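Notes for the one structure printed next.
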Amino acid sequence: MTLHENSSILSTIIAVSEKLEASKLDKSVMDEVRPEIQDIASYLDCDELAAIFFVVIFVLQNQRQTSVNLHAIAGFLDYSFLHILEFRKEIDVLEKKNLIYMDDLRNISHHPENNGYKITGTVMNNVIDGEPIVFFEENEETTESVLSELHDVQQGFCERKMSFTEFKRQICNLERKYAEKEFLKNINKLFPDDFDSRSILYSLCFDTVISENDPDNDDDRRNRLDYAILRIINPQKKYVRRASLFEDSDILIKNKLSELIYETSDEYFRGKPRLKITLKLTADGIRQIFGSEAELYIKEDMLLNETDKTLNALHEFGYVYEDEDISKYKKRSNLRKIEQKHQNLPFFKRITKAVHDEDNRFFLYDCTKDFLLGGKSSIASTLNDLYGHSEQYFTEMRSLLDETHPLVKKNFIEIEKNEVIENSRVTVSDKTVELLYGKNADIYMKTGSAKNVIDSRKINEKHLFYSEPVQKQIDMLSESLVQKNLEAMQSRLEEKGLPKGIAVILYGAPGTGKTETAYQLARQTKRKILHVDIADSKSMWFGESEKKIKKIFTDYRMLCKSCRRHRENTPILLFNEADALISKRRDVSSGSVAQTENAMQNILLEEMEKLEGIMIATTNLCENMDKAFERRFLFKVKYEKPSLEARTKIWKSKMKALSEEDAEKLAGKYDFSGGEIDNIVRKCEMNEIIKGKMPSYEELVELCETERLEKVEERHMGFCA
Numbered sequence: 001m002t003l004h005e006n007s008s009i010l011s012t013i014i015a016v017s018e019k020l021e022a023s024k025l026d027k028s029v030m031d032e033v034r035p036e037i038q039d040i041a042s043y044l045d046c047d048e049l050a051a052i053f054f055v056v057i058f059v060l061q062n063q064r065q066t067s068v069n070l071h072a073i074a075g076f077l078d079y080s081f082l083h084i085l086e087f088r089k090e091i092d093v094l095e096k097k098n099l100i101y102m103d104d105l106r107n108i109s110h111h112p113e114n115n116g117y118k119i120t121g122t123v124m125n126n127v128i129d130g131e132p133i134v135f136f137e138e139n140e141e142t143t144e145s146v147l148s149e150l151h152d153v154q155q156g157f158c159e160r161k162m163s164f165t166e167f168k169r170q171i172c173n174l175e176r177k178y179a180e181k182e183f184l185k186n187i188n189k190l191f192p193d194d195f196d197s198r199s200i201l202y203s204l205c206f207d208t209v210i211s212e213n214d215p216d217n218d219d220d221r222r223n224r225l226d227y228a229i230l231r232i233i234n235p236q237k238k239y240v241r242r243a244s245l246f247e248d249s250d251i252l253i254k255n256k257l258s259e260l261i262y263e264t265s266d267e268y269f270r271g272k273p274r275l276k277i278t279l280k281l282t283a284d285g286i287r288q289i290f291g292s293e294a295e296l297y298i299k300e301d302m303l304l305n306e307t308d309k310t311l312n313a314l315h316e317f318g319y320v321y322e323d324e325d326i327s328k329y330k331k332r333s334n335l336r337k338i339e340q341k342h343q344n345l346p347f348f349k350r351i352t353k354a355v356h357d358e359d360n361r362f363f364l365y366d367c368t369k370d371f372l373l374g375g376k377s378s379i380a381s382t383l384n385d386l387y388g389h390s391e392q393y394f395t396e397m398r399s400l401l402d403e404t405h406p407l408v409k410k411n412f413i414e415i416e417k418n419e420v421i422e423n424s425r426v427t428v429s430d431k432t433v434e435l436l437y438g439k440n441a442d443i444y445m446k447t448g449s450a451k452n453v454i455d456s457r458k459i460n461e462k463h464l465f466y467s468e469p470v471q472k473q474i475d476m477l478s479e480s481l482v483q484k485n486l487e488a489m490q491s492r493l494e495e496k497g498l499p500k501g502i503a504v505i506l507y508g509a510p511g512t513g514k515t516e517t518a519y520q521l522a523r524q525t526k527r528k529i530l531h532v533d534i535a536d537s538k539s540m541w542f543g544e545s546e547k548k549i550k551k552i553f554t555d556y557r558m559l560c561k562s563c564r565r566h567r568e569n570t571p572i573l574l575f576n577e578a579d580a581l582i583s584k585r586r587d588v589s590s591g592s593v594a595q596t597e598n599a600m601q602n603i604l605l606e607e608m609e610k611l612e613g614i615m616i617a618t619t620n621l622c623e624n625m626d627k628a629f630e631r632r633f634l635f636k637v638k639y640e641k642p643s644l645e646a647r648t649k650i651w652k653s654k655m656k657a658l659s660e661e662d663a664e665k666l667a668g669k670y671d672f673s674g675g676e677i678d679n680i681v682r683k684c685e686m687n688e689i690i691k692g693k694m695p696s697y698e699e700l701v702e703l704c705e706t707e708r709l710e711k712v713e714e715r716h717m718g719f720c721a
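In full-length UniProt numbering, the protein residues as written are 1 to 721.
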């Protein structure tokens with residue numbers, strides 16, 4: 001471009017603006033500045049009229065430091081505003097070429113004269129510096145850009161900047177303007193006479209294409225029913241539409257275009273996270289709407305698996321179950337519909353088959369939902385949500401606390417009692433968790449047994465010294481526990497109608513290696529150990545101790561299932577120091593403690609009959625063992641105090657620096673068990689750390705002298721002289 005008299009584009013714009021001001025666009029004025037206008041038009045790559053409006057916007061923007069609307073342009077030219085409206089297309093040309101832009105798209109007025117324009121920053125700098133403007137080929141309107149325009153209009157309506165009629169009119173104008181866009185064609189074909197459905201779908205499309213892919217968009221409210229979706233339809237119909245969406249009778253859900261998603265939010269109510277309910281396009285909906293572009297917008301997480309569908313269904317169920325704004329009759333009706341809707345999901349199918357009473361199923365579903373949220377359910381509030389404080393409420397409460405409720409008896413739920421009834425809790429059992437998560441259930445199981453499960457890989461190797469008879473029995477036991485031998489043996493026992501569980505009792509003096517034997521067997525045969533502390537199984541609550549014993553075996557069976565799923569060897573159930581459990585039963589007339597212990601023993605005997613895995617019990621008091629238990633242990637290994645030869649070997653294996661002679665002397669002088677020798681060795685290690693040297697033989701003898709609390713002293717009868 002060659003400017004007249006070598007003037008800059010900036011000076012040309014200033015000169016032309018001075019002529020245009022208050023000119024009323026008079027023909028004589030236009031003719032006078034036509035050469036300069038042509039230069040500006042050439043610079044802007046537009047026609048002369050568009051160049052004139054660019055000049056006016058440029059000057060007014062710099063003078064007023066604000067956006068420029070059509071009223072301001074008319075005032076500058078001293079021209080009729082109505083006539084200025086005739087030149088809207090020229091202004092649109094400037095906008096399409098990205099020379100100007102509408103100042104705040106979210107504040108677009110439905111009165112066009114109020115919309116403000118600004119020259120873009122780069123173009124402003126190009127003009128001031130006298131640099132050429134870089135132009136690009138005009139791009140075709142994309143799906144994203146069209147959705148953004150539709151969204152801007154919807155935002156304007158949500159912010160009450162226009163009436164519903166004007167909102168509808170602007171949306172329809174955009175539909176007409178971009179009628180050839182595939183997604184608009186498909187939506188209008190699906191709902192030619194249903195504006196509300198089209199408007200909802202445009203919002204869902206925007207969410208799918210833009211919002212979810214925008215890392216800067218952290219608005220947790222998008223497409224939430226009450227906040228977004230129901231605000232972009234006819235205000236007179238939103239409550240009816242809301243009801244149809246919740247009841248799954250809405251045309252968008254029936255046609256599988258969209259679905260309600262129930263997710264936890266950051267908001268809390270009564271100590272629980274509130275649910276946020278959003279409406280989203282389904283994968284099928286995206287295909288129907290976007291056609292050839294659909295695969296761009298279908299994400300892997302949209303293709304929900306069975307578990308995801310079940311979790312979503314439980315959240316939906318919990319929302320209705322805890323809704324305080326509907327009657328109990330209406331609530332049950334809605335809960336039935338939700339259950340029926342999801343009846344093909346395996347979890348609901350299994351629960352429906354196992355639990356015939358619908359109220360019990362509804363109760364279980366809500367407890368499962370609370371489990372998903374990481375909590376336990378209050379018995380009182382969960383019952384109240386379904387029954388209010390009716391007579392049925394108290395009947396159900398009593399049966400739950402007495403643990404006679406069908407859900408407790410069938411092991412779907414577990415009760416945690418409290419002195420204050422309102423603080424008593426209910427949670428789902430591992431059985432329910434397994435129905436929910438299938439083969440991955442062990443990840444989610446909250447059993448107390450998990451912390452007591454010992455992996456064989458974490459057991460350190462130890463060399464144990466046995467007498468010859470014990471060594472033979474341990475070798476046979478070790479061979480029997482090799483997995484292929486165990487499976488063959490159990491198959492043979494089952495064929496002959498014999499119990500196929502392997503029960504082992506290791507009994508004898510303390511410190512002789514009984515517990516360590518169980519650990520080393522587990523390490524050698526690559527088995528996990530479920531370690532049970534009998535003391536933890538006793539409770540102040542009547543009936544709780546028996547319940548805990550049952551739970552030990554329930555946990556063990558679940559562990560066995562988990563090991564089978566992961567192709568691991570059958571685990572070992574270890575009852576360490578089981579004296580109290582397997583001792584002779586006491587007279588029940590001696591008190592409630594005797595009754596409880598006898599009840600625990602009966603349960604243990606019953607469970608041993610049904611045992612299909614491996615159980616090892618250790619005890620120091622074999623003479624007091626109940627005969628019923630004696631019959632049920634397949635292997636019985638008696639541990640004696642180690643012989644002189646064995647004690648010598650233990651001393652040598654534990655203390656390499658000890659001479660053979662000193663080891664024999666210590667073994668002969670002190671009738672220690674392996675555990676007691678371990679204590680001496682630990683003291684020696686501590687001595688070396690503190691003093692920097694191992695103790696001498698004499699110091700070792702001193703340590704041995706102090707090992708036992710009581711010493712055998714010679715006692716004399718008669719009088720002292």
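The beta carbon of each residue, even a glycine, is placed where N, CA and C say it ideally should be. These figures come from a predicted structure and were not determined experimentally.
If residue i sits next to residue j, beta carbons under 8 angstroms apart, how far is it from one beta carbon to the other, in whole angstroms?
i, j, result
"E414", "S424", "That belief does not hold up - the Cβ atoms of E414 and S424 are roughly 11 angstroms apart, past 8 angstroms."
"N188", "R198", "7 angstroms"
"V127", "I13", "7 angstroms"
"residue 725", "D193", "In the structure displayed, the chain extends from 1 to 721; residue 725 sits before or after that span and is not available."
"G513", "G613", "In fact, because the Cβ distance is near 23 angstroms, the residues do not count as touching under 8 angstroms."
"E247", "K337", "7 angstroms"
"I677", "W651", "6 angstroms"
"L314", "K369", "5 angstroms"
"A503", "L611", "6 angstroms"
"T619", "A578", "5 angstroms"
Taking C-beta to C-beta, are residue i and residue j nearer than 8 angstroms?
i, j, result
"P571", "L521", "no"
"M608", "S545", "no"
"T525", "L493", "no"
"Q288", "L257", "yes"
"V209", "E144", "yes"
"L335", "F363", "no"
"R632", "L605", "yes"
"residue 746", "I582", "Nothing can be reported for residue 746, as the shown portion of the chain is limited to 1 through 721."
"T427", "F371", "yes"
"K349", "Q340", "no"
"L99", "L20", "no"
"G116", "N69", "yes"
"G130", "I261", "no"
Please identify the residue among the options whose C-alpha is closest to the C-alpha of residue i.
i, options, result
"K96", "T120, A74 and I84", "T120"
"E86", "A518, K649 and F53", "F53"
"E661", "E630, Y697, K627 and E676", "Y697"
"R527", "R34, K330, L201 and R567", "R567"
"T517", "K638, N602, K376 and V33", "K638"
"L644", "K669, R631, G291 and K89", "K669"
"L94", "E468, V55 and K168", "V55"
"V123", "R708, P235, P132 and K328", "P132"
"V16", "K331, V59 and K547", "V59"
"L190", "K484, R160, L252 and K462", "L252"
"V453", "C563, Q473, Y437 and L400", "C563"
"F290", "G438, I379 and E180", "E180"
Where DSSP assigns a beta bridge to residue i, which residues make up the other side?
i, result
"S378", "R425"
"K189", "Its beta-bridge partners do not exist; DSSP assigns none."
"K636", "I505"
"residue 742", "Since the first residue of the chain shown is 1 and the last is 721, residue 742 is not available in this structure."
"V532", "F575"
"L709", "According to DSSP, L709 bridges with nothing at all."
"M625", "S583"
Could you pull out every unbroken beta strand (DSSP E) segment of at least 3 residues lying fully inside the segment 111-184, listed in chain order? 117-119
Which runs of the beta strand (DSSP E) spanning at least 3 residues fall entirely within the segment 449-491, listed in chain order? none
Jot down the residue ranges of each uninterrupted beta strand (DSSP E) in the segment 548-575, minimum 3 residues, whole runs only, in chain order. none
If you scan the segment 62-108 from start to end, which runs of the beta strand (DSSP E) of 3 or more residues do you find wholly inside it? 100-102
Kindly provide the ranges of any alpha helix (DSSP H) runs that are 4 or more residues long and lie completely inside the segment 337-424, ordered along the chain. 346-354, 358-372, 379-387, 391-401 and 406-409
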